[in-house]
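Written below as structure tokens is the structure these notes are about.
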């Protein structure tokens, strides 16, 4: 049973347009969410995060939106650039769950391709 | 800062052989994580340590897998005996207590068991 789901394995957008990557979760104990970016032959790198007390967090071209009632979050990249082409992972943690609050549960990732 | 360092980057071995993967976390980070990435299951947490003590090993697939952290700057993940289904990319990550949700990953070890 996947607790964090990224239902789109891939997404292709044109340079300059908006990229929207989606993520759904099932565990209502999750209260902190992160997006990681991964290039081939490298490890995932942290991109942006959001706490469940917020519904939006912005960092430059990247914005994460959280809809707690729908258990859904999304990552918006605008404008998209060819260098953004990578696999994007959604991850979640339950900060207040006691001993396991260090654990991150990852989705399977979405491959974003930004075409010049 | 050199980041999380994993070795080897690639490992090819034959079924039944022992495999040892190594990880050096970022200096000052208190927690260390081992993950396995496969096409079918994505990124799975195998085990994590806090202050060199194993906290949660519920993700370790079976007794063939073991992990140690003898000191704050070194950890190993051992598979003995290895099987073809263990072929995957294994990542190590570390995090400081002050920002425990943000994990910093190494480049991974690609393991192929023939």
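Protein chains in written order, with the working numbering: chain S, 1 to 116; chain E, 1 to 114. Quick reminder that beta carbons are idealized off the backbone N, C-alpha and C, glycines included.
Cβ-Cβ separation, residue j to residue i (assumed contact under 8 angstroms), whole Å
| i | j | result |
| --- | --- | --- |
| residue 104/S | residue 92/S | 7 angstroms |
| residue 37/E | residue 109/E | Actually they do not touch by this definition, with Cβ atoms about 11 angstroms apart. |
| residue 16/E | residue 82/E | 7 angstroms |
| residue 90/E | residue 21/E | 5 angstroms |
| residue 89/S | residue 60/S | Contact flag wrong, Cβ pair sits at about 19 angstroms. |
| residue 19/E | residue 111/E | 6 angstroms |
| residue 33/S | residue 49/S | 6 angstroms |
| residue 62/S | residue 47/S | 6 angstroms |
| residue 106/E | residue 93/E | 7 angstroms |
| residue 15/S | residue 69/S | Not really, about 34 angstroms apart at Cβ, beyond 8 angstroms. |
Check whether residue i and residue j have beta carbons under 8 angstroms apart
| i | j | result |
| --- | --- | --- |
| residue 117/E | residue 26/E | Residue 117/E is absent from the structure shown; chain E starts at 1 and stops at 114. |
| residue 26/S | residue 6/S | no |
| residue 34/E | residue 67/E | yes |
| residue 8/S | residue 113/S | no |
| residue 1/S | residue 94/S | no |
| residue 75/E | residue 32/E | yes |
8 angstroms Cβ cut-off: residues of chain S touching residue i
| i | result |
| --- | --- |
| residue 50/E | 102 |
| residue 107/E | 41, 42, 43 |
Where residue i meets chain E, residues with beta-carbon distance less than 9 angstroms
| i | result |
| --- | --- |
| residue 34/S | 101, 102, 103 |
Cross-chain neighbours of residue i in chain E, by beta carbon under 7 angstroms
| i | result |
| --- | --- |
| residue 108/S | 42 |
Cross-chain neighbours of residue i in chain E, by beta carbon under 8 angstroms
| i | result |
| --- | --- |
| residue 95/S | 101 |
(message) Using a Cβ-Cβ cutoff of 7 angstroms, what residues of the region 17 to 44 of chain E are near chain S? List them in chain order.
(response) Residues passing the 7 angstroms Cβ filter: 31, 42, 43.
(message) Short of 8 angstroms Cβ to Cβ, which residues in the region 43 to 59 of chain S face chain E?
(response) 43, 44, 45, 46, 49
(request) Anything in the region 52 to 85 of chain E with a Cβ closer than 7 angstroms to a Cβ of chain S? List those residues in chain order, please. (result) 55, 56
(message) Please give me, in chain order, every unbroken run of the alpha helix (DSSP H) with length at least 4 that falls completely inside the region 5 to 71 of chain S.
(response) none
(request) Return the chain-ordered ranges of every alpha helix (DSSP H) run that is complete within the region 28 to 87 of chain E and spans a minimum of 4 residues. (result) none
(message) Please identify, using Cβ separations under 7 angstroms, the residues of the region 71 to 92 of chain S that lie next to chain E, in order along the chain.
(response) 89
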